[in-house]
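All remarks here apply to the structure that follows.
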Amino acid sequence: MTSQIQEEPHMQEVREEEQENEEEKRVINVVVAVDASEESMHACEWACRNLLAANTNIRQAYNFILLHVQAPVCVSSGPSYILSNEVVRILQNDQVRTTQKILKRARAICNRYNVEAHSYVVIGKPKEKICEVAHKLGAHFLVMGSHDHGPLVRAIKGSVSDHCSRNAICPVVVVNKK
Numbered sequence: 240m241t242s243q244i245q246e247e248p249h250m251q252e253v254r255e256e257e258q259e260n261e262e263e264k265r266v267i268n269v270v271v272a273v274d275a276s277e278e279s280m281h282a283c284e285w286a287c288r289n290l291l292a293a294n295t296n297i298r299q300a301y302n303f304i305l306l307h308v309q310a311p312v313c314v315s316s317g318p319s320y321i322l323s324n325e326v327v328r329i330l331q332n333d334q335v336r337t338t339q340k341i342l343k344r345a346r347a348i349c350n351r352y353n354v355e356a357h358s359y360v361v362i363g364k365p366k367e368k369i370c371e372v373a374h375k376l377g378a379h380f381l382v383m384g385s386h387d388h389g390p391l392v393r394a395i396k397g398s399v400s401d402h403c404s405r406n407a408i409c410p411v412v413v414v415n416k417k
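If you use our numbering, the sequence shown closes out at 417, no skipped numbers anywhere.
Here it is, written out as structure tokens:
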């Protein structure tokens with residue numbers, strides 16, 4: 240003979256309160272890959288406008304992370320004595336300024352939608368680094384633009400968005416500008 244245990248009404252309220260507290264603690268990590276292209280800025284705007292607005296649960300918290308991958312300064316195109324330390328420093332400073340402009344532009348988009356964004360910058364090849372950083376940051380979504388270079392360039396260079404769609408540990412949203 241099995242007996243059923245009836246739950247007291249106040250226990251139901253305690254469980255519902257615990258569930259609400261769990262919902263409050265959950266943070267969704269949205270990583271948006273940005274570069275100097277219009278396509279990546281369009282993807283950033285899309286994420287601000289659609290992805291975050293889609294959630295009607297006020298308790299939901301987001302980490303909105305703007306990820307930029309800088310190419311390493313290439314000094315190996317000839318004998319190393321050709322590029323002085325001063326030239327390498329100038330090239331590195333130029334990359335820093337370019338990165339700052341990209342992030343400033345992306346943050347301006349986020350500000351228009353009242354989205355607080357954090358920046359994350361790494362150096363390397365975008366294909367590998369975007370997936371690696373998305374994994375490291377525990378991304379729940381990865382958002383990126385599509386350059387749509389066409390089949391020939393895609394066949395030769397490969398597509399960053401295709402690579403990330405196949406290799407990222409989270410859902411990838413590839414936003415077309417069209």
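Glycine included, C-beta positions come from ideal geometry on N, C-alpha and C.
Residue i: first and last residue of the uninterrupted alpha helix (DSSP H) it sits in
| i | result |
| --- | --- |
| Arg342 | The sequence shown places Leu at residue 342, not Arg. 324-351 is the span of the alpha helix (DSSP H), which, as asked, contains Leu342. |
| Ala300 | Taken as a continuous stretch (DSSP letters only), Ala300 belongs to no alpha helix (DSSP H), being part of the beta strand (DSSP E) at 300-309. |
Neighbour-count burial assignment, residue i, 16 or more Cβ in a 10 Å radius
| i | result |
| --- | --- |
| Val270 | buried |
| Lys364 | exposed |
| Lys368 | buried |
| Gly377 | exposed |
| Ser323 | exposed |
| Lys399 | Sequence inspection shows Val at residue 399; the Lys mentioned does not correspond to that position. Result: buried. |
| Val326 | exposed |
Inter-residue spacing [alpha-carbon to alpha-carbon] between residue i and residue j
| i | j | result |
| --- | --- | --- |
| Asn353 | Val372 | 25 angstroms |
| Gln331 | Val312 | 7 angstroms |
| Val414 | Ser404 | 12 angstroms |
| Arg328 | Val335 | 11 angstroms |
| Trp285 | Asn406 | 22 angstroms |
| Pro410 | His357 | 20 angstroms |
| Phe380 | Val412 | 7 angstroms |
| Ile304 | Leu290 | 13 angstroms |
| Lys366 | Gln339 | 21 angstroms |
Segment limits, beta strand (DSSP E) that includes residue i
| i | result |
| --- | --- |
| Ile267 | 266-272 |
| Ile362 | 356-362 |
| Val412 | 411-414 |
When the options are compared against residue i, the one with the closest alpha-carbon
| i | options | result |
| --- | --- | --- |
| His281 | Val360, Lys375, Arg344 | Arg344 |
| Lys416 | Met383, Ile267, Lys375, Glu355 | Met383 |
| Val266 | Cys287, Gln309, Ala300, Ala356 | Ala300 |
| Glu278 | His386, Asn289, Leu342, Ile348 | His386 |
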